[in-house]
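Trainee:
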Amino acid sequence: MTAPSAHDVCVIGGGVTGAGIARDLALRGLSVLLLEKGDWGAGTSGASSWMIHGGPRYLEFDWDTTRRSCEDAGHIVTIARHMVYRAVFLIPVLPHDRNNIERMETAMEVYDRFQPLKKAHPHRRLTAAEALQVEPGLTPDLIGAVTMEEWGVDPHRLVYANVEDAVAHGARALNHTRVTDLIRDGGKVIGVRYRGADGATAEARARVVVNATGPWSPEIGAMAGAAVQLRPAKGIHIVYPHRISNFAISSESIDGRDLLMVSHAGFTLLGTTDDDFYGDLDSVDVLADEVDYLLQGFERVFPAIRSYRPVRTTAGVRPTLFKWRRYEDELSRRYEVVDHEAEGVDGFVTIAGGKLSMYRLMAEETSDAVCRKLGHQALCTTATKPLPGSESEMEPAAELARRCGIPALAAIKLQSRHGSRTQRVFDGTATRRVLCRCEPITEAELVYATRHEQVRGLTDAFRRVGVAAGPCVGASCVMRASEVIGRELGWSAAQRFDAAREFMHDSWLGRAPVLGHAGWAQEELAQGALRGLAY
Ligand SMILES: Cc1cc2nc3c(=O)[nH]c(=O)nc-3n(C[C@H](O)[C@H](O)[C@H](O)COP(=O)(O)OP(=O)(O)OC[C@H]3O[C@@H](n4cnc5c(N)ncnc54)[C@H](O)[C@@H]3O)c2cc1C
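For the sequence shown, position 399 matches number 398 in numbering that gives the first Met the number 0, and the numbering has no gaps at all.
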């Protein structure tokens with residue numbers, strides 16, 4: 000074991016909360032170590048609905064969360080402007096819905112008061128004919144609709160941008176590095192033991208250790224002898240590899256919960272469930288029943304939904320605060336910052352609960368608590384300081400495409416990930432080749448991500464740049480991507496084949512619950528082609 004490193008703060012958990020805290024503290028001048036056992040954003044953050052929203056639903060029982068969420072969303076869309084895009088919802092109202100059109104419009108009038116906080120526009124009410132004109136896939140049974148504006152974001156890039164900026168301000172950030180234990184001196188937590196990507200174990204000393212592990216926070220709390228109680232709730236999505244609708248659409252499920260279907264950068268998420276979760280957090284499966292529940296709820300408003308071909312599912316577990324005698328859906332999305340000193344565990348702070356949409360505020364309050372413990376005076380700057388890529392204007396995508404000789408769509412996607420820093424992707428490599436025709440990722444970007452963005456394998460590349468995220472689901476690009484990453488990381492030919500095969504097998508597990516007859520046939524072909532290549 001190497002000698003322990005020493006830091007002011009060690010943050011455990013590289014989801015949006017931990018990455019936000021690491022950035023905040025690094026910007027305040029503290030030395031920070033950030034550890035993530037998987038890849039950046041691979042926990043709940045990456046399995047979210049990709050929405051930066053206020054949550055009009057919470058207005059019924061938790062105004063304060065809606066207000067805070069809208070306020071922080073306003074900051075996030077400003078500091079991450081190259082990554083965010085408007086998502087305009089149509090909320091169709093059908094006969095026998097829980098809310099008639101008048102009630103729905105009243106709710107939207109209330110929500111409109113919060114919309115300026117997040118730089119969004121007020122609602123519009125549409126007649127049935129107007130709604131059908133702009134969204135022909137809706138059921139003709141509808142009575143009318145209201146609109147609502149929210150924001151979308153790629154959570155993987157949002158998390159990574161926070162990690163990147165933390166590192167630019169002196170933090171050390173290690174993915175594929177699991178904290179296996181906490182080092183304690185009596186009741187005080189003084190550091191962490193961890194196992195790195197290479198399997199080697201190491202220790203790090205820290206004056207404060209922050210537990211930002213989302214649904215895993217009770218597990219890390221137990222290592223410190225501190226009680227952290229959550230009521231974790233599982234949510235799944237069905238993923239389609241293209242747009243299905245012009246607008247994001249909301250629908251009611253059989254039990255009256257709100258479902259949503261949102262197009263993000265060319266693919267569509269349909270979700271989500273919300274069920275108490277008692278299983279293994281490291282193995283969250285999607286059940287056929289959950290898929291049926293979503294499709295049943297959605298075909299009421301969008302009858303053709305079952306004729307579209309889903310390509311995968313996502314599953315995550317919400318780190319909801321503990322509350323007895325409530326349905327999952329009614330649980331508050333509040334968060335809590337706990338300094339465990341009061342329970343006799345010093346040097347240890349937990350942040351639990353909350354939402355992606357207010358991650359920055361959660362990070363600010365956690366960092367304030369850490370600074371109080373350290374007697375450190377620096378103030379938070381993350382509400383106004385742009386994330387990397389949002390500092391200045393971007394060149395028009397068409398110009399970038401022409402200048403670099405890449406397709407316009409590839410240029411748009413590149414800019415959504417790198418913003419005004421896009422040129423850095425092409426510095427140091429001459430190749431402009433596009434890896435996959437259906438998800439236009441340039442080889443240059445994959446090389447950049449492997450060299451500079453801690454991509455260690457194909458699943459990291461899926462998150463960082465969208466390898467295999469398109470309709471081919473990897474069949475036509477995963478081998479090429481493995482070649483590029485393998486070249487950078489010094490993999491042998493056998494390792495490149497193995498990585499591609501393993502990726503296809505693992506991603507199959509997420510696809511199986513939504514494969515119809517044609518899907519299974521296509522799957523057999525893709526797996527067979529890879530087996531043919533590998534043997
Ligand atoms: C289905 C679903 C949809 C959602 N949609 C939205 C939405 O659209 N908008 C919104 O605002 N919110 C949404 N949420 C909520 C939001 O996703 C979460 O509140 C948020 O992402 C939690 O982030 P986090 O960083 O706290 O946790 P996580 O993202 O889970 O991060 C915790 C990290 O800790 C790591 N970790 C755990 N143990 C260890 C260890 N021993 N060593 C090192 N690392 C460790 C994990 O690997 C993980 O990456 C949704 C949640 C779900 C489940």
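Backbone N, C-alpha and C define an ideal beta-carbon position, used for all residues, glycine too.
Count the other CB atoms within 10 Å of the CB of residue 237; is the residue buried (16 or more) or exposed (fewer)?
Mentor: A residue is called buried when at least 16 other Cβ atoms come within 10 angstroms of its Cβ; residue 237 meets this threshold and is buried.
Trainee: Can you tell me whether residue 45 is helix, strand or coil according to DSSP?
Mentor: helix
Trainee: So, at 8 Å on beta carbons, what are the nonlocal neighbours of residue 534 in its own chain, with the 5 sequence-adjacent residues on each side left out?
Mentor: Any answer about residue 534 is weak, because its pLDDT of 45 lies below 50 and its placement is not dependable; what the coordinates show is given next. Nothing meets the Cβ criterion.
Trainee: Shorter than 8 Å, the distance from the beta carbon of residue 49 to the closest heavy atom of ligand 1, or not?
Mentor: yes
Trainee: With a 10 Å radius around its C-beta and 16 neighbouring C-beta atoms as the bar for buried, classify residue 430 as buried or exposed.
Mentor: exposed
Trainee: Can you say whether residue 156 is buried or exposed, counting buried as having 16 or more other CB atoms within 10 angstroms of its CB?
Mentor: buried
Trainee: What are the start and end residues of the beta strand (DSSP E) that includes residue 116?
Mentor: Element bounds for residue 116: n/a, residue is neither H nor E.
Trainee: Taking 9 Å as the threshold (C-beta atoms), are residue 252 and residue 277 in contact?
Mentor: no
Trainee: Spell out the partners DSSP gives residue 266 in its beta bridges.
Mentor: According to DSSP, which records beta bridges pairwise, residue 266 is partnered with 263.
Trainee: Write down every uninterrupted run of the beta strand (DSSP E) in the region 311-398 whose length is 3 residues or greater and which is fully enclosed by it, in chain order.
Mentor: Entirely contained in the region 311-398, the beta strand (DSSP E) runs reaching 3 residues are, in chain order, 311-317, 334-338 and 347-352.
Trainee: For residue 311, does the count of other Cβ atoms within 10 angstroms reach 16, so buried, or fall short, so exposed?
Mentor: Within a 10 Å sphere around the beta-carbon of residue 311 sit 16 or more other beta-carbons, which makes this residue buried.
Trainee: For residue 123, is the beta carbon positioned less than 8 Å from some heavy atom of ligand 1?
Mentor: no
Trainee: If you drop the 5 nearest sequence neighbours on each side, which residues of the same chain put their C-beta closer than 8 Å to that of residue 535?
Mentor: Limits of the chain in this structure are 0 at one end and 534 at the other, which puts residue 535 out of reach.
Trainee: Taking the alpha-carbon of residue 468 as reference, which of 419, 493 and 437 has the nearest alpha-carbon?
Mentor: 437
Trainee: Just to confirm before moving on: does the CB-CB distance between residue 55 and residue 65 stay below 9 Å?
Mentor: Closer than 9 Å, so yes.
Trainee: Where does the unbroken alpha helix (DSSP H) through residue 425 begin, and where does it stop?
Mentor: For residue 425, no alpha helix (DSSP H) run applies, since DSSP gives it neither H nor E.
Trainee: For residue 427 and residue 393, what's the separation of their Cα atoms in angstroms?
Mentor: Their backbone Cα atoms lie some 20 Å apart in a straight line.
Trainee: Is residue 363 close to ligand 1? I mean its beta-carbon at under 8 Å from any heavy atom of the ligand.
Mentor: no
Trainee: Please give me, in chain order, every unbroken run of the beta strand (DSSP E) with length at least 3 that falls completely inside the region 28-113.
Mentor: 31-34 and 84-92
Trainee: According to DSSP, is residue 534 part of a helix, a strand, or is it coil?
Mentor: Residue confidence for residue 534 is low, a pLDDT of 45 falling below 50, so the modelled location carries little weight and cannot support an answer.
Trainee: Just checking residue 318 against ligand 1 - is the residue's beta carbon closer than 8 Å to any of the ligand's heavy atoms?
Mentor: yes
Trainee: Distance check for residue 299 and residue 275, CA to CA, integer angstroms please.
Mentor: 26 Å
Trainee: What residues in its chain sit with their C-beta under 7 Å from that of residue 304, if we drop five residues either side in the sequence?
Mentor: So the list reads 294, 297 and 298, once near-sequence residues are dropped.
Trainee: State the CB to CB distance for the pair residue 8 and residue 34, rounded to an integer number of angstroms; the pair is presumed to be in contact (CB under 8 Å).
Mentor: About 11 Å separates the two Cβ atoms, so there is no contact after all.
Trainee: Report the start-end ranges of each alpha helix (DSSP H) in the region 151-182 that is 4 residues or longer and not cut off at the edges.
Mentor: 154-167
Trainee: Is the region 161-173 in contact with the region 134-150, if contact means three or more CB pairs nearer than 8 Å?
Mentor: no
Trainee: Is residue 358 near ligand 1, going by C-beta to nearest heavy atom under 8 Å?
Mentor: yes
Trainee: Does the count of Cβ pairs from the region 230-250 and the region 259-273 closer than 8 Å reach three?
Mentor: yes
Trainee: Note down the Cα distance separating residue 385 from residue 79, rounded to an integer number of angstroms.
Mentor: 6 Å
Trainee: Given a cut-off of 9 Å on the beta-carbon distance, is the pair residue 356 and residue 68 in contact?
Mentor: yes
Trainee: Ignore the nearest five residues each way along the sequence and tell me which others in residue 364's own chain have a CB closer than 7 Å to its CB.
Mentor: 336
Trainee: Looking at the secondary structure, which residues open and close the alpha helix (DSSP H) in which residue 206 lies?
Mentor: It is not in any alpha helix (DSSP H) - residue 206 instead sits in the beta strand (DSSP E) that spans 200-210.
Trainee: Could you please give the first and the last residue of the uninterrupted alpha helix (DSSP H) stretch that includes residue 18?
Mentor: Following the DSSP letters along the chain, one finds residue 18 inside the alpha helix (DSSP H) bounded by residues 15-26.
Trainee: Ligand 1 heavy atoms versus the CB of residue 233: any closer than 8 Å?
Mentor: yes
Trainee: Per DSSP, what kind of secondary structure is residue 6 in: helix, strand or coil?
Mentor: strand
Trainee: Cβ of residue 474 versus every heavy atom of ligand 1: is any distance shorter than 8 Å?
Mentor: no
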